[in-house]
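Student:
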Amino acid sequence: EPVLSKGNDCLDAAKACNLNDTCKRFRSAYITPCTSSTSNEICNKRKCHKALRLFFDKVPPKYSYGMLFCSCRDVACTERRRQTIVPVCSYEDREKPNCLNLQVTCKKRYVCRSRLADFFTNCQPEPRSVSSCLKENYAHCLLAYSGLIGTVMTPNYIDSNSLSVAPWCDCSNSGNNIEECMKFLNFFQDNICLKNAIQAFGNGTDVNVW
Amino acid sequence: KGRRNQKGKNRGCVLTEVHLNVTDLDLGYETKEELIFRYCSGSCDAAETTYDKILKNLTRKKKLVTDKVRQACCRPTAFDDDLSFLDDNLVYHILKKHSAKRCGCV
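Chains A and B are the protein sequences, given in the same order. My numbering puts the first residue of the first sequence at 1101, with every later residue one more than the last. My numbering puts the first residue of the second sequence at 619, with every later residue one more than the last.
(1) Residues of chain B with CB closer than 8 Å to the CB of A/Thr1132, please, in chain order.
(2) Along the chain, where does the beta strand (DSSP E) containing A/Ala1311 start, and where does it finish?
(3) Where does A/Tyr1130 fall in DSSP's three states?
(4) Quick one, are the C-beta atoms of B/Val640 and B/Thr649 less than 7 Å apart?
(5) Using a 10 Å radius around the Cβ and a threshold of 16 neighbouring Cβ atoms, would you call B/Gly620 buried or exposed?
(6) Can you name, in chain order, every residue of its own chain whose Cβ lies under 6 Å from the Cβ of B/Lys719, other than the five neighbours on each side?
(7) For a contact meaning CB atoms closer than 7 Å, what does A/Lys1115 contact in chain B?
(8) Should the segment 1172-1191 of chain A be regarded as contacting the segment 1139-1148 of chain A, the criterion being three or more beta carbon pairs within less than 8 Å?
(9) Whose C-beta lies closer than 6 Å to the C-beta of A/Phe1155 among residues of the same chain, with five residues either side of it excluded?
(10) Which residues does DSSP pair with A/Gly1302 in a beta bridge?
(11) Could you give the distance in angstroms between the alpha-carbon of B/Glu652 and the alpha-carbon of A/Arg1215?
(12) DSSP has A/Ala1217 in a bridge; who is on the other side?
(13) Between B/Asn707, B/Ser659 and B/Lys714, which has its C-alpha nearest B/Cys570's C-alpha?
(14) If we ignore side chains and look at the alpha-carbon of each, how far apart do A/Asp1174 and B/Cys723 end up?
(15) Considering A/Pro1161, what are the terminal residues of the alpha helix (DSSP H) in which it resides?
(16) So is the beta-carbon of A/Arg1209 under 6 Å away from any non-hydrogen atom of the ligand FAD?
(17) Per DSSP, what kind of secondary structure is B/Thr695 in: helix, strand or coil?
(18) Secondary structure at B/His716, three-state DSSP: helix, strand or coil?
(19) Per DSSP, what kind of secondary structure is A/Pro1255 in: helix, strand or coil?
(20) Could you compute how far the alpha carbon of A/Lys1042 sits from the alpha carbon of B/Arg693?
(21) Could you work out which residue in A/Leu1202, A/Ala1114, A/Thr1178 and A/Cys1117 is closest to A/Ser1274 when comparing CA atoms only?
(22) Return the residues of the segment 1169-1189 of chain A that lie within a Cβ-Cβ distance of less than 8 Å from chain B, sorted by chain order.
(23) Shorter than 7 Å from the beta carbon of B/Leu633 to some beta carbon of chain A?
(24) Just tell me which of B/Leu633, B/Leu708, B/Val687 and B/Asp663 has its CA closest to the CA of B/Leu673.
(25) Kindly give me the distance between the Cβ atoms of B/Ile712 and A/Leu1119, rounded to whole angstroms, as I take these residues to be in contact under 8 Å.
(26) Between the C-alpha atoms of A/Lys1208 and A/Thr1254, what's the straight-line distance to the nearest angstrom?
(27) Determine the contact status of A/Leu1248 and A/Lys1295, defining contact as a CB-CB distance below 7 Å.
(28) For the beta strand (DSSP E) containing B/Leu633, name the first residue and the last one.
(29) Taking only beta-carbon atoms, is A/Ser1246 less than 7 Å away from chain B?
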């Protein structure tokens, strides 16, 4: 497999961002709180989340999605893509909560509750449709997905060789709710609608929508 | 005040930009990211203040103890926004006050 034949799309997206004044400004505006350690924490997660929400709210998708949904052929690229949201601060935590408990926390907060509802609506898979999405609209699915970044439900890529994503939670200690929990987690991890939407953006095959 | 260079006497002092690799800055970072670097250049010959005028006159008449009196320099009066980038080891860095936003003879 040719490793060097094609450039790194995620690197190109980062370059494009820093050459655009708006993207550059809002990128630094979240990198700063997301990488500044406080006296006893790795960072101020609340400030990092807030700045990430601002980044996705204010920066044109061409740039913000460019970095988040870039298509990759090697690990250097996928690792860069995974680092886009500064996961050590915005994503990872000391403990992984149960996904259903995390969902309860999310539903207590207005922004998280509404964005999670948007995500379930707009990224609903439908294997029989052409796009694999019930709503047949990749742009709406990506908007809903990126809207979760900066909430307690912040998702990220879970490994470097697929487009599988998940929030920071798992289904251990689910008891009788194991099926419900797996259904929730798989909506992120194994969602053909979301995967196709990310792939279409990365390949530029759905250009007219942006 | 920063716009003085465009209207006033020191039209020579202007903001110029150049597209560079972060490694071109020689700050010790290993990354493939890039940036727009903006800098101030041009002459500040035309005296701007009475102070500058007096200095010039006194220098000409050799009335100053030392000749090393500096004329106005074309320098940034404001800096560009911060720049962030990810290095080859997946560590983020932020550059502050690295690039000019406005220039003036100061």
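Beta carbons: idealized from backbone N, C-alpha and C, even for Gly. In this text, all values refer to a predicted model and were calculated from it rather than measured experimentally.
Tutor: Let's see:
(1) Asp700, Ser702 and Ile712
(2) Past the edges of chain A, shown from 1101 to 1310, lies residue 1311 of chain A, and the structure says nothing about it.
(3) helix
(4) yes
(5) Note that B/Gly620 scores a pLDDT of 45, beneath 50, so its modelled location is shaky; the value from the coordinates is reported in the next line. Counting Cβ neighbours within 10 Å, B/Gly620 comes out exposed, since fewer than 16 surround it.
(6) Ala696, Phe697 and Asp698
(7) Glu651 and Glu652
(8) yes
(9) Phe1126 and Tyr1130
(10) Partner(s): none; A/Gly1302 has no beta bridge.
(11) 34 Å
(12) DSSP lists no partner for A/Ala1217.
(13) As displayed, chain B neither begins before 619 nor continues past 724, which places residue 570 of chain B out of reach and without an answer.
(14) 50 Å
(15) Pro1161 to Leu1168
(16) Absence of the ligand FAD is noted for the structure shown, with no ligands found whatsoever.
(17) strand
(18) coil
(19) strand
(20) Since the first residue of chain A shown is 1101 and the last is 1310, residue 1042 of chain A is not available in this structure.
(21) A/Leu1202
(22) Glu1179, Arg1180, Gln1183 and Val1186
(23) no
(24) B/Val687
(25) Wrong, their Cβ atoms sit about 17 Å apart, outside the cutoff.
(26) 15 Å
(27) no
(28) Val632 to Asn639
(29) no
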